[in-house]
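Novice:
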Amino acid sequence: MTSQQRHDFYGPIHKGLRLGSSRLLMALGQIETRDARAIAELIGQLRIHLQLAEEHLQHEDAEYNEPLRGRAPNLAAQLADDHHHHYVTFRELDGLIHALETADEASRAAVGRALYLRFSTYFGDDLAHMAREEQEALPAFHRHFSDQELMDMESRIIQSISPERLTQYYFIMLPGMNPAERATFLRYIRANAPPEAYSHILDDVARAALPPEQFRVLNEDLAYVA
2 MTSQQRHDFY GPIHKGLRLG SSRLLMALGQ IETRDARAIA ELIGQLRIHL QLAEEHLQHE
62 DAEYNEPLRG RAPNLAAQLA DDHHHHYVTF RELDGLIHAL ETADEASRAA VGRALYLRFS
122 TYFGDDLAHM AREEQEALPA FHRHFSDQEL MDMESRIIQS ISPERLTQYY FIMLPGMNPA
182 ERATFLRYIR ANAPPEAYSH ILDDVARAAL PPEQFRVLNE DLAYVA
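Following this line, the structure appears as structure tokens:
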């Protein structure tokens, strides 16, 4: 079995986080700082995304990086350093978000620019970190753990997340995937999750998160039996 065929617990969530961050970076760059309602809406979206990103790191710390420490300690230490840097950055972003939220109209543009630039450096760091995980950590997991062990790690994470939070993750994960990945992901859920969970992800999340043509293709792919 080649590495490409092995279980990949990084790819889907990382594609979602990349998509979510890219959307927010664009929105932060384009925001009309004189529009208090638009700022409040964007701040709400940004807070949710950063919560998802931070909780994702916490999940990795608990289920992925801890067992990796015993098999590839130097790599695990590098990932831990990356995560620590991210946690510090999250607190800095929290402060800038609060500053924008409470700024008067005269200072909003300057505060908004500071938040935009700090988020852009966070996004750059996160892109490099996620690439390290997919290019270095994933092959290490494949060398030292079976697919069943990897799926068990991932399953414990999923079971620890509330249904509401899972839905928020799926709203960025599904549009971040390519059509083949999306269909494979939904087939896996159809085969392993309760029917109502599958229906929710397909009918409520995918229908809302995907453009109509992509949703149509997904349904065709799911109906096709090789």
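Read in order, the letters of the sequence shown correspond to residues 2 to 227 in the numbering used here.
All residues carry an ideal CB built from backbone N, CA and C; glycine is no exception.
Keep in mind it's a predicted model, so treat the numbers as computed, not measured.
Quick one: Cα of G96 to Cα of H87, how far?
Specialist: Numbered from its first residue, the sequence shown carries residue 96 at position 95. Numbered from its first residue, the sequence shown carries residue 87 at position 86. Going by the C-alpha atoms only, they are around 14 Å apart.
Novice: Relative to the alpha-carbon of F120, which residue among P212, P213, L219, G30 has its alpha-carbon at the smallest distance?
Specialist: One-based indexing of the sequence shown puts residue 120 at position 119. Comparing Cα-Cα distances from F120 to each of P212, P213, L219, G30, the minimum goes to G30.
Novice: Below 8 Å on the Cβ atoms is my contact criterion, and I expect A207 with L175 to pass it. Report the Cβ-Cβ distance as a whole number of Å.
Specialist: For the purposes of this step, residue 207 is taken as residue 206 along the sequence shown, with counting starting at 1. For the purposes of this step, residue 175 is taken as residue 174 along the sequence shown, with counting starting at 1. Right, the Cβ-Cβ distance comes to about 5 Å (below 8 Å), so this counts as a contact.
Novice: Measure the C-alpha to C-alpha separation of V112 and I32 and round it to an integer number of angstroms.
Specialist: Sequence index remark: in the sequence shown, residue 112 carries index 111 (1-based). Sequence index remark: in the sequence shown, residue 32 carries index 31 (1-based). If I take the Cα positions, the gap works out to 12 Å.
Novice: How many angstroms separate the CA atom of L118 from the CA atom of P196?
Specialist: Within the sequence shown, numbered from 1, the residue matching residue 118 stands at position 117. Within the sequence shown, numbered from 1, the residue matching residue 196 stands at position 195. Taking the straight line joining both Cα atoms gives about 44 Å.
Novice: Whose C-beta lies closer than 8 Å to the C-beta of A244 among residues of the same chain, with five residues either side of it excluded?
Specialist: Examination of residue 244 is not possible in this model, given that the chain is present from 2 through 227 alone.
Novice: Taking only three categories from DSSP, how would you classify A100?
Specialist: Stepping through the sequence shown from its first residue, residue 100 is reached at position 99. Three-state result, A100: helix.
Novice: How is T122 classed by DSSP in three states: helix, strand or coil?
Specialist: Residue mapping note: residue 122 aligns to position 121 of the sequence shown, counting from 1. If DSSP states are grouped into helix, strand and coil, T122 belongs with the helices.
Novice: Once the 5 residues before and after H51 are set aside, which same chain residues still bring their CB inside 7 Å of it?
Specialist: Taking the first residue of the sequence shown as position 1, residue 51 is located at position 50. Going by the sequence as given, residue 51 is Leu instead of His. Excluding sequence neighbours, L51 sits near F91, L94.
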